[in-house]
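These notes are about the structure you will find just below.
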Amino acid sequence: MFLVGLSGGIASGKSSVVQVFRDLGCAVIDADAIAHQVVKPGYPAYHRIVQAFGREILLENGEINRQALGSIIFRHSEKRKLLNAITHPDIRKEMLKQILKYLVQGYRYVILDIPLLFETKTMLRFMKHTVVVYCDPQTQLSRLMQRNGLSREEAEERIAAQLPLEEKRQLAQHILDNSGEWEATRRQTLHLHSQLEDSLDFLPLRLGLFAGFVGIIYLLSQHLLL
Ligand SMILES: Nc1ncnc2c1ncn2[C@@H]1O[C@H](COP(=O)(O)OP(=O)(O)OP(=O)(O)O)[C@@H](O)[C@H]1O
Numbered sequence: 012m013f014l015v016g017l018s019g020g021i022a023s024g025k026s027s028v029v030q031v032f033r034d035l036g037c038a039v040i041d042a043d044a045i046a047h048q049v050v051k052p053g054y055p056a057y058h059r060i061v062q063a064f065g066r067e068i069l070l071e072n073g074e075i076n077r078q079a080l081g082s083i084i085f086r087h088s089e090k091r092k093l094l095n096a097i098t099h100p101d102i103r104k105e106m107l108k109q110i111l112k113y114l115v116q117g118y119r120y121v122i123l124d125i126p127l128l129f130e131t132k133t134m135l136r137f138m139k140h141t142v143v144v145y146c147d148p149q150t151q152l153s154r155l156m157q158r159n160g161l162s163r164e165e166a167e168e169r170i171a172a173q174l175p176l177e178e179k180r181q182l183a184q185h186i187l188d189n190s191g192e193w194e195a196t197r198r199q200t201l202h203l204h205s206q207l208e209d210s211l212d213f214l215p216l217r218l219g220l221f222a223g224f225v226g227i228i229y230l231l232s233q234h235l236l237l
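Read in order, the letters of the sequence shown correspond to residues 12 to 237 in our numbering.
This is the structure in C-alpha cells:
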C-alpha cells in the first residue's frame, strides 16, 4: 500500500475532486472530518480543550463552538500551537487506524485529504504521491466569496491565512488545475486515477508484509516441531 496526500487552498476544489475519487471506489481519509470528530464531547481532546480554553468556548449544547475557537486561534498564534498540540496526536492516531483498516481490506493506496498538508508538513514524509488541487487566485477568490457569501476583504483575509496556492503547486508532484470548467478537472482527475491504479508502488509494503508473515509461520512451525 502507498499513501497519496491531497491538498489545495480554501475553495480550490478539493472536496469536488475527492468526491470523484470516492465515486470511483477509492479509499479516502478526510482529515477535516477526523478533526471535527476528535473534539466531540466525550473524546479526550474535548476535555483538554475545555481545560485550556475555558467553558466560554462551549455552545449551549456542550459542544465546542468552532467559530469562537477559530477566532481565538486566528488572533493568537501561541493558542493555535496549543490547540494543535492537543488535537494533532489524536488526529494522527485516528488516521493511522483508518489506514490500517484499508490495508487489511486490501486497498493498494489510500488518499488522504489534508487541507494543511503543506503548512504542517508532518505528514508529508509518509506520502508517496502528493496532489494539489489548484486554481488561479482570481477564480479562488470569486468561488470563495460566492460559496461562503463573503465580502472581498473577508475572502482575501482567509486566503492570506494559508500558504499561497502557487507555492503548494511548486511542492506537489501532481497538479489538478481547477481554474476552468468542471469537466476539464474531472478529466484530469480520471487521468490521475488511472495512473494511481496502474502504479506498482504498493508492492514493496505488500511483499514486506507477506515475507514477515511467512517468517512468523516458519518460526512458529520450528517452535512447535521442537
Ligand atoms: N471547476 C469549477 N467550476 C465552477 N465552480 C466550481 C468548480 N470547482 C469547484 N467549484 C465550486 O467552488 C466551490 C469550492 O469548491 P470545493 O468546496 O470543492 O472546494 P474545497 O477546496 O473543498 O473548499 P474548502 O477547503 O474551503 O472546503 C464550491 O462551491 C464548488 O461547487
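Cβ atoms here follow ideal geometry from the backbone N, Cα and C, with glycine treated the same way.
- Classify Tyr145 as buried or exposed, calling it buried when 16 or more other Cβ atoms lie within 10 Å of its own Cβ. On the sequence shown, position 134 is the one that residue 145 refers to. By the neighbour-count rule (16 or more Cβ atoms within 10 Å), Tyr145 is buried.
- If you draw a straight line from the alpha carbon of Phe129 to that of Arg119, how long is it in whole angstroms? Residue numbering aside, residue 129 sits at position 118 when the sequence shown is read from its first letter. Residue numbering aside, residue 119 sits at position 108 when the sequence shown is read from its first letter. In a straight line, the C-alpha of Phe129 is about 24 Å away from that of Arg119.
- Of the choices Glu71, Leu17, Ala46 and Glu67, whose alpha-carbon is the least far from that of Cys37? Against the sequence shown, residue 37 aligns to sequence position 26. Among Glu71, Leu17, Ala46 and Glu67, the Cα nearest to that of Cys37 is on Leu17.
- Query: Among Lys108, Val143 and Gln48, which one has its Cα closest to the Cα of Ser27?
  - Reply: As a working mapping, residue 27 is identified with position 16 in the sequence shown. The residue with the shortest Cα to Cα distance from Ser27 is Val143.
- Item | Limits of the unbroken alpha helix (DSSP H) element including Ile68 | The residue given as residue 68 occupies position 57 in the sequence shown. That residue, Ile68, is in no alpha helix (DSSP H); it is neither H nor E in DSSP.
- Is the beta carbon of Asp124 sitting closer than 7 Å to the one on Val29? As a first step, residue 124 is located in the sequence shown; it is residue number 113 there, counting from the start. As a first step, residue 29 is located in the sequence shown; it is residue number 18 there, counting from the start. For Asp124 and Val29, yes; Cβs fall inside 7 Å.
- Message: For ligand 1, I want to know if Arg33 counts as a neighbour, meaning its beta carbon is within less than 6 Å of at least one of the ligand's heavy atoms.
- Response: Here residue 33 corresponds to residue number 22 of the sequence shown, with the count starting at 1. Flag unset: Cβ of Arg33 not near ligand 1.
- Message: Please classify His58 as buried or exposed, where buried requires at least 16 other C-beta atoms within 10 Å of its C-beta.
- Response: Within the sequence shown, residue 58 is the residue found at index 47, counting from 1. Looking at its Cβ environment, which holds fewer than 16 other Cβ atoms inside 10 Å, His58 is exposed.
- Count the other CB atoms, across all protein chains shown, that sit within 10 Å of the CB of Gln149; report buried if there are 16 or more and exposed otherwise. In the sequence shown, residue 149 corresponds to position 138, counting from 1. With fewer than 16 other Cβ atoms within 10 Å, it is exposed.
- Item | Best match in Leu176, Arg169 and Glu164 for proximity to Asp147 [C-alpha to C-alpha] | Locating residue 147 in the sequence shown gives position 136, where the first residue counts as 1. For Asp147, the nearest C-alpha among the options comes from Leu176.
- Can you list, in chain order, the residues of its chain whose CB lies under 7 Å from that of His100, leaving out five sequence neighbours each side? Reading the sequence shown from its first residue, position 89 is the one you call residue 100. It should be noted that the sequence gives Pro, not His, for residue 100. If we look at Pro100 and ignore the five residues flanking it on each side, it has no Cβ neighbours.
- Query: With distances taken from CA atoms, which of Phe85, Leu201, Asn159 and Val225 is nearest Leu173?
  - Reply: As a position in the sequence shown, residue 173 is number 162, starting the count at 1. The sequence shown places Gln at residue 173, rather than the Leu named in the question. Minimum Cα distance to Gln173 is reached at Phe85.
- Item | Assumed close pair Ile40, Gln109 - CB separation to whole angstroms, cut-off 8 Å | For the purposes of this step, residue 40 is identified with residue 29 of the sequence shown, where counting begins at 1. For the purposes of this step, residue 109 is identified with residue 98 of the sequence shown, where counting begins at 1. Indeed, because the Cβ distance is near 5 Å, the residues count as touching under 8 Å.
- In DSSP terms, what Asp188 is bridged to: As a position in the sequence shown, residue 188 is number 177, starting the count at 1. Tyr145, per the DSSP bridge assignment.
- Message: Which runs of the beta strand (DSSP E) at least 3 residues long sit entirely within the segment 109–176? Give them in chain order.
- Response: 120–124 and 140–145
- Query: So is the beta-carbon of Thr200 under 6 Å away from any non-hydrogen atom of ligand 1?
  - Reply: Locating residue 200 in the sequence shown gives position 189, counting from the first residue. For ligand 1, not one heavy atom lies less than 6 Å from the Cβ of Thr200.
- Query: Going by beta carbon distance, what residues of the same chain come within less than 8 Å of Glu167, once the five residues before and after it are set aside?
  - Reply: Indexing the sequence shown from 1 puts residue 167 at position 156. Same-chain partners within the cutoff: Leu152.
- Indicate, with yes or no, if ligand 1 has a heavy atom lying under 6 Å from the CB of Arg154. As a first step, residue 154 must be located in the sequence shown, where it is residue number 143. Checking the Cβ of Arg154 against ligand 1 gives yes.
- Item | Cα-Cα separation between Ile45 and Gly226, rounded to whole angstroms | Numbered from 1 along the sequence shown, position 34 holds the residue referred to as residue 45. Numbered from 1 along the sequence shown, position 215 holds the residue referred to as residue 226. So the two alpha carbons sit approximately 36 Å from each other.
- Is any heavy atom of ligand 1 found at a distance shorter than 6 Å from the C-beta of Asn189? Indexing the sequence shown from 1 puts residue 189 at position 178. Under cutoff, so the answer is yes.
- Task: Please report how far the alpha carbon of Lys25 lies from the alpha carbon of Gly19, in whole angstroms.
- Result: Locating residue 25 in the sequence shown gives position 14, where the first residue counts as 1. Locating residue 19 in the sequence shown gives position 8, where the first residue counts as 1. Each residue's Cα considered, the two are about 6 Å apart.
- Just the Cα atoms here: how many angstroms apart are Arg197 and Thr133? As a position in the sequence shown, residue 197 is number 186, starting the count at 1. As a position in the sequence shown, residue 133 is number 122, starting the count at 1. If you take the alpha carbons of Arg197 and Thr133, they lie about 29 Å apart.
- Task: Report whether the distance from the Cβ of Lys25 to the nearest heavy atom of ligand 1 is below 6 Å.
- Result: By 1-based counting over the sequence shown, the position of residue 25 is 14. Yes, ligand 1 has a heavy atom inside 6 Å of this Cβ.
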